[in-house]
């Protein structure tokens with residue numbers, strides 16, 4: 106089929122339910138202009154009472170965060186869900202891989218709901234299980250597989266976490282990536298790390314926290330034969346980084362940092378480790394979402410900060426700390442487009458269906474995948490130090 110033969114679906118003129126899983130909702134999705142949406146959300150939540158536990162990721166819209174029982178990053182929220190075994194429904198206002206993690210960590214009797222099934226993660230989608238298995242086989246052919254320990258970022262699908270569980274690997278968060286890498290290198294005398302799906306977190310952690318050089322890192326491109334690497338490159342590498350990235354954090358650039366430093370004397374640049382290596386090198390502080398929040402909370406009044414992370418969170422921090430000057434580290438709007446799929450109409454639709462006895466958009470992980478994913482997650486939980494606990 107040529108591109109000319111493909112059906113064109115201009116915005117508002119048609120839908121492809123196979124490509125956009127969340128655009129079709131059984132029944133009527135409330136209009137975004139409905140003035141009663143907030144009241145409907147409150148009424149539905151009140152009707153469900155203790156039966157429902159609503160989780161809101163830091164990057165969510167304010168209109169949805171208003172109804173969250175707890176807020177946090179992806180792993181904190183999944184653990185919070187596990188800490189509420191009496192809640193029949195876990196409504197996860199985040200993205201798909203987060204809801205999967207909640208399903209893995211909660212009881213079988215609990216149901217995890219994602220208000221819009223199209224709320225995915227482009228980074229997580231950059232490492233598909235079939236691609237990873239093909240890469241694993243190619244590394245066996247190159248004679249290096251026996252040395253490799255797979256490490257996956259929390260921002261990955263359940264089947265990728267399960268792959269790590271089956272193959273002696275571990276899950277990490279942006280808070281404990283260095284601890285996870287130390288553990289992985291200790292597993293084999295000649296260990297190499299296959300790190301996915303975010304190359305930037307892997308590179309920044311290896312170089313800036315563990316003392317490796319950029320030459321120790323190579324990038325595996327799943328769209329090229331043998332990842333675009335020679336056998337010699339694989340043999341010499343210590344870190345094999347999957348060619349994946351966050352579409353939000355990848356937008357931040359060094360020239361904006363230079364502009365802001367020229368405009369604002371004494372400005373502090375605070376970025377997430379999913380940013381590119383060049384941006385991280387020019388920043389003053391680098392850390393996870395929770396680290397960013399705690400840093401701003403502890404900052405002196407009157408200080409100026411440019412923050413390189415998702416705009417919903419940056420705006421929320423600016424509103425919560427009017428005594429500090431907080432600006433966004435980009436010239437343009439930089440919301441997470443898939444996270445923003447969870448809006449008030451979808452939230453109301455999901456909650457009202459639960460009130461009516463209809464379980465919609467339930468996220469389930471099959472038993473075998475859950476079993477192996479739990480192995481990799483438990484290895485992370487067993488890591489020493491504060492790691493995931495911050």
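Numbering (the numbering used here), first residue to last: 106 to 495. Think of the CB as a built atom: it goes at the ideal place given N, C-alpha and C, for glycine as much as any other residue.
Return helix, strand or coil for residue 176, following the three-state DSSP convention. For the purposes of this step, residue 176 is taken as residue 71 along the chain shown, with counting starting at 1. Three-state DSSP puts residue 176 in a strand.
Just how far apart, CA to CA, sit residue 331 and residue 157? To locate residue 331, count along the chain shown from 1; it is residue 226. To locate residue 157, count along the chain shown from 1; it is residue 52. The straight-line gap from Cα to Cα measures roughly 47 Å.
Thinking just about the alpha-carbon of each residue, which of 275, 303, 240 is nearest to the one in residue 334? As a working mapping, residue 334 is identified with position 229 in the chain shown. Measuring from the Cα of residue 334, the nearest candidate turns out to be 240.
In the DSSP assignment, find the unbroken beta strand (DSSP E) run with residue 162 in it and report its ends. Against the chain shown, residue 162 aligns to sequence position 57. Where residue 162 is concerned, the enclosing beta strand (DSSP E) stretches over 157 to 162.
Which one of 320, 197, 350 has the shortest CA to CA distance from residue 337? By one-based count along the chain shown, residue 337 stands at place 232. Checking every option, the nearest Cα to that of residue 337 belongs to 320.
Where residue 299 and residue 359 are concerned, what is the direct C-alpha to C-alpha distance, given to the nearest angstrom? For the purposes of this step, residue 299 is taken as the residue at position 194 of the chain shown. For the purposes of this step, residue 359 is taken as the residue at position 254 of the chain shown. Approximately 28 Å, taken between the alpha carbons.
Cutting at 7 Å between CB atoms, please list the residues of its own chain near residue 317, excluding the five before and the five after it. On the chain shown, position 212 is the one that residue 317 refers to. Around residue 317: 311, 343, 344.
What's the gap between the Cα of residue 381 and the Cα of residue 154? Counted from its first residue, the chain shown places residue 381 at position 276. Counted from its first residue, the chain shown places residue 154 at position 49. Looking at the two C-alpha atoms, the distance is approximately 43 Å.
Suppose the cutoff is 6 Å on Cβ atoms and the five residues either side in sequence are ignored; what does the same chain contact list for residue 362 look like? Residue 362 sits at position 257 when you count from the first residue of the chain shown. These residues qualify, in order along the chain: 374, 387.
Specify the secondary structure class of residue 492 as computed by DSSP and reduced to three states. Along the chain shown, one-based indexing puts residue 492 at 387. For residue 492, the pLDDT reaches just 46, beneath the cut-off of 50, and the residue's location in the model is therefore unreliable, although a value from the coordinates is still provided. Residue 492: helix per DSSP, three-state reduction.
Runs of alpha helix (DSSP H) lying entirely within the stretch 296 to 347, each at least 4 residues, in chain order: 304 to 313, 336 to 341
Look up residue 247 in the DSSP assignment and say whether it is helix, strand or coil. Along the chain shown, one-based indexing puts residue 247 at 142. In this structure, residue 247 counts as coil in the three-state DSSP scheme.
Since residue 432 sits in a beta bridge, which residues does DSSP pair it with? What you label residue 432 is simply residue 327 of the chain shown in a count that begins at 1. 411, per the DSSP bridge assignment.
Under the three-state DSSP convention, the category residue 255 falls into: Mapped onto the chain shown, residue 255 falls at position 150. Residue 255 falls in the strand class under three-state DSSP.
Do you know offhand how far residue 138's Cα is from residue 159's? The sequence position of residue 138 within the chain shown is 33, counting from 1. The sequence position of residue 159 within the chain shown is 54, counting from 1. When rounded, the distance between both Cα atoms is 23 Å.
Go ahead and label residue 446 buried or exposed: buried means 16 or more other beta carbons lie within 10 angstroms of its beta carbon, across all protein chains shown. Within the chain shown, numbered from 1, the residue matching residue 446 stands at position 341. Looking at its Cβ environment, which holds 16 or more other Cβ atoms inside 10 Å, residue 446 is buried.
Residue from 190, 413, 168 whose Cα sits closest to the Cα of residue 383: As a first step, residue 383 is located in the chain shown; it is residue number 278 there, counting from the start. Nearest C-alpha to residue 383: 413.
If we require 4 or more residues per run, which alpha helix (DSSP H) segments fall completely within the stretch 188 to 273? 201 to 210, 227 to 230, 234 to 246, 263 to 271
Contacts around residue 453, its chain only, beta-carbon distance under 6 Å, and the 5 residues preceding and following it disregarded: By 1-based counting over the chain shown, the position of residue 453 is 348. 135, 142, 145, 146, listed in sequence order.
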